[in-house]
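Student: Following our numbering, the numbering of the sequence shown begins with 5 at its first residue and continues without gaps. Yeah, the Cβ is synthetic: ideal placement off N, Cα and C, and Gly gets one too. If you're wondering where the values come from, they're calculated on a predicted model, not measured in any experiment.
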Amino acid sequence: MSDAQDRAHPLGEEIFTPPPGVRVQRGSGGLSLHVTTPVRAGEVIYRAHEITIADDGRTYLIHVQVGDEVEDIVITSMHTVRYMGVRTFDIPGCFMNHSCDPTSVSRDVLDPSTGKVIAYEQIATRNLYPGDEITCDYTLFDWDCDGHQFHCHCGSDGCYGFIGGFRSLDPATQQRFQGEIYYETERMWHHTRT
Ligand SMILES: [Zn+2]
5 MSDAQDRAHP LGEEIFTPPP GVRVQRGSGG LSLHVTTPVR AGEVIYRAHE
55 ITIADDGRTY LIHVQVGDEV EDIVITSMHT VRYMGVRTFD IPGCFMNHSC
105 DPTSVSRDVL DPSTGKVIAY EQIATRNLYP GDEITCDYTL FDWDCDGHQF
155 HCHCGSDGCY GFIGGFRSLD PATQQRFQGE IYYETERMWH HTRT
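In structure tokens, the structure reads:
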């Protein structure tokens, strides 16, 4: 066991497996998410539930199906999103890489009776073929990318460069995404304008 694994709090013995049609892969750039079956633009790639943890700097040790192996992975602030005083993450979403021209986008799933967010669906933004990477735009659901800000080298025409959540986008870009961002990002954005 590494030091980081030693310090992490175990999150049960469960082995987290990606949903059907999705594979977590380890490559030279670390972990990434890929489709294993064809998905058309606009179709749901998978649905997942968020796991909520305290925003107290703790790390968690989980067992994850990566390719054909089970790996022990330490969940840190890099994998989580600050959300109304806590942090959330999910398998497989926390292993999805960012792109400024992503192959997918998330959509909240609401409980019809309470209106509360109970899950999310990851929707393909273009036709995907087995092996294609599932990427998303972190800035749409992460207000400040606390703990995982970075400089993007995705190479797309509209690459933002610095990724520091929705708050780091220029006002014109923020306006363009109005109506597409997550509830918490919307709430924080609203807060800065009032
Ligand atoms: Zn980029």
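Could you give the residue range of the alpha helix (DSSP H) that holds residue 67?
Tutor: Per DSSP, residue 67 belongs to no alpha helix (DSSP H); it is in the beta strand (DSSP E), 64-70.
Student: List in chain order: all unbroken beta strand (DSSP E) runs of 3+ residues lying wholly within the stretch 97-134.
Tutor: Complete beta strand (DSSP E) runs here, min 3: 108-114, 121-128.
Student: Under three-state DSSP, which class holds residue 60?
Tutor: Here residue 60 sits in coil by DSSP.
Student: Tell me the residue span of the beta strand (DSSP E) that contains residue 9.
Tutor: From DSSP, residue 9 is part of no beta strand (DSSP E) but of the alpha helix (DSSP H) over 7-11.
Student: Hey, out of 159, 160, 142, 162, whose CA is closest to residue 153's CA?
Tutor: Per the Cα distances, 142.
Student: Report buried or exposed for residue 16, applying the criterion of at least 16 other Cβ atoms within 10 angstroms of its Cβ.
Tutor: So residue 16 counts as exposed.
Student: So, at 8 Å on beta carbons, what are the nonlocal neighbours of residue 161 in its own chain, with the 5 sequence-adjacent residues on each side left out?
Tutor: Closer than 8 Å at the Cβ level, and outside the excluded window around residue 161, lie 105.
Student: In chain order, what residues place their C-beta within less than 6 Å of a heavy atom belonging to ligand 1?
Tutor: My final list is 104, 156, 158, 160, 163, 164.
Student: What do you reckon, are the CB atoms on residue 166 and residue 155 nearer than 8 Å?
Tutor: Their beta carbons are under 8 Å apart, which means residue 166 touches residue 155 by this criterion.
Student: Would you kindly report the start and end of the unbroken beta strand (DSSP E) that includes residue 86?
Tutor: Element bounds for residue 86: 85-87.
Student: How big is the Cα-Cα spacing for residue 144 and residue 136?
Tutor: Their backbone Cα atoms lie some 21 Å apart in a straight line.
Student: Quick one: Cα of residue 147 to Cα of residue 192, how far?
Tutor: Cα to Cα, residue 147 sits roughly 7 Å from residue 192.
Student: Out of curiosity, what's the CA-to-CA distance linking residue 53 and residue 86?
Tutor: Going from the Cα of residue 53 to the Cα of residue 86 covers about 16 Å.
Student: With burial defined as no fewer than 16 other Cβ atoms inside 10 Å of the residue's Cβ, what is the status of residue 114: buried or exposed?
Tutor: Residue 114 should be labelled exposed.
Student: Enumerate in chain order the residues of its own chain whose CB-to-CB distance from residue 134 is below 7 Å, with the five nearest sequence positions on each side excluded.
Tutor: Within the same chain, residue 134 has close Cβ partners 39, 40, 41, 42.
Student: Can you give the Cα-Cα distance for residue 177 and residue 10, rounded to whole angstroms?
Tutor: The straight-line gap from Cα to Cα measures roughly 42 Å.
Student: Identify the residues that DSSP records as bridge partners of residue 36: which are they?
Tutor: Its beta-bridge partners are 29.
Student: For the beta strand (DSSP E) containing residue 50, name the first residue and the last one.
Tutor: 48-52 is the span of the beta strand (DSSP E), which, as asked, contains residue 50.
Student: Does the distance between the C-beta of residue 186 and the nearest non-hydrogen atom of ligand 3 fall short of 7 Å?
Tutor: The model on display carries ligand 1 but not ligand 3.
Student: Helix, strand or coil for residue 15? Go by DSSP, reduced to three states.
Tutor: In this structure, residue 15 counts as strand in the three-state DSSP scheme.
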